[in-house]
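Engineer: Pasting a structure here, questions to come.
Residue numbers (the working numbering): 168 to 334.
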C-alpha cells in the first residue's frame, strides 16, 4: 500500500527554504507512530533536510536523478517506479516529500494521511499539489484539535482513501 503523509496549511503550503512551515509536536508524534516499522520514500532534498539523516526504525528510500548518489542508512533509486520494484507487495510505503514526489505519488497512492494546519503561513515556497478536485479521493476519518501549550495552531488529522467509484 502506498500512502502519502504530509502536514499542509490551509493554502496548501508545506515548506519554506527547505524546511517545514510548521513544527507541531502532535503532527510529529503521529508521523512517527504511522511510519515506524514501515518504509519511507522521499526525494533527495527532503532527505537532506532531515536533521539526523535516515529515520530510525524505518526503511529509508531516497529518490534522486544523481546516478552515483548514496546516503547513509538509505537505498537510492532514480524513480518511484524503480523504488517500488524493490518493495514487497505487502510492504507499506509512506511518501514523505517533497512536492514533486508528492505530485508523482498522487497518481499511484491509495491513501493520504494529511495534517491540515488551520493557518496560513507568512512565508512559503513549496506547496502540496491540489488533490481535492480529484473526485476519486474520499475523506474516511477526521480528528480535529484545538491549539494547546505545545501546538500553537488548530489542526485536523484527515485520512483520505482513493475510491474506485467516481460519481
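Yeah, the Cβ is synthetic: ideal placement off N, Cα and C, and Gly gets one too.
(1) When the distance is taken between beta carbons, is residue 228 closer than 8 Å to residue 208?
(2) Between residue 140 and residue 168, what straight-line distance do the alpha-carbon atoms span, to the nearest angstrom?
(3) Are the beta-carbon atoms of residue 291 and residue 182 separated by less than 8 Å?
(4) Is the separation between the beta-carbon of residue 286 and that of residue 312 shorter than 8 Å?
(5) Can you find the residues in the same chain that come closer than 7 Å, C-beta to C-beta, to residue 220, ignoring five residues on each side of it along the sequence?
(6) Quick one: measure Cβ to Cβ for residue 322 and residue 307, integer angstroms, because I've assumed they're closer than 8 Å.
(7) In the DSSP assignment, find the unbroken alpha helix (DSSP H) run with residue 215 in it and report its ends.
(8) With DSSP run on the structure shown, which of helix, strand or coil describes residue 348?
(9) Please report how far the alpha carbon of residue 194 lies from the alpha carbon of residue 248, in whole angstroms.
(10) I need the DSSP call for residue 176, collapsed to helix, strand or coil.
(11) I believe residue 230 touches residue 216 by the beta-carbon criterion, under 8 Å. Please report the beta-carbon distance rounded to the nearest angstrom.
(12) Return the chain-ordered list of same chain residues with a C-beta closer than 8 Å to the C-beta of residue 268, the five sequence neighbours on each side being excluded.
(13) Would you report the Cα separation of residue 271 and residue 289, rounded to the nearest angstrom?
(14) Could you check which residue in 225, 297, 174 and 273 has the C-alpha nearest to that of residue 205?
(15) Where does residue 295 fall in DSSP's three states?
Structural biologist: Reading off the structure:
(1) Here residue 208 is taken as the residue at index 41 of the chain shown, counted from 1. Here residue 228 is taken as the residue at index 61 of the chain shown, counted from 1. Yes; because the gap between Cβ atoms is below 8 Å, this pair is in contact.
(2) No statement about residue 140 is possible, as the shown extent of the chain runs from 168 to 334 and does not include it.
(3) Position 124 of the chain shown, counted from the first residue, corresponds to residue 291. Position 15 of the chain shown, counted from the first residue, corresponds to residue 182. Yes; because the gap between Cβ atoms is below 8 Å, this pair is in contact.
(4) To locate residue 286, count along the chain shown from 1; it is residue 119. To locate residue 312, count along the chain shown from 1; it is residue 145. Against a cut-off of 8 Å, the Cβ pair of residue 312 and residue 286 comes out as no contact.
(5) Your numbering for residue 220 matches position 53 in the chain shown. The residues are 239 and 240.
(6) Taking the first residue of the chain shown as position 1, residue 322 is located at position 155. Taking the first residue of the chain shown as position 1, residue 307 is located at position 140. That belief does not hold up - the Cβ atoms of residue 322 and residue 307 are roughly 18 Å apart, past 8 Å.
(7) Taking the first residue of the chain shown as position 1, residue 215 is located at position 48. 211-216 is the extent of the alpha helix (DSSP H) around residue 215.
(8) Nothing can be reported for residue 348, as the shown portion of the chain is limited to 168 through 334.
(9) Translated into positions along the chain shown, residue 194 becomes position 27. Translated into positions along the chain shown, residue 248 becomes position 81. Inter-residue distance for residue 194 and residue 248 is about 28 Å (C-alpha atoms, whole angstroms).
(10) Residue 176 sits at position 9 when you count from the first residue of the chain shown. Here DSSP, grouped into helix, strand and coil, assigns residue 176 to strand.
(11) Your numbering for residue 230 matches position 63 in the chain shown. Your numbering for residue 216 matches position 49 in the chain shown. So it is not a contact: roughly 14 Å between Cβ atoms.
(12) Residue numbering aside, residue 268 sits at position 101 when the chain shown is read from its first letter. 208, 209, 210, 213, 230, 247 and 262, listed in sequence order.
(13) Your numbering for residue 271 matches position 104 in the chain shown. Your numbering for residue 289 matches position 122 in the chain shown. One C-alpha to the other measures close to 27 Å.
(14) What you label residue 205 is simply residue 38 of the chain shown in a count that begins at 1. Nearest option by C-alpha distance: 225.
(15) For the purposes of this step, residue 295 is taken as residue 128 along the chain shown, with counting starting at 1. In this structure, residue 295 counts as coil in the three-state DSSP scheme.
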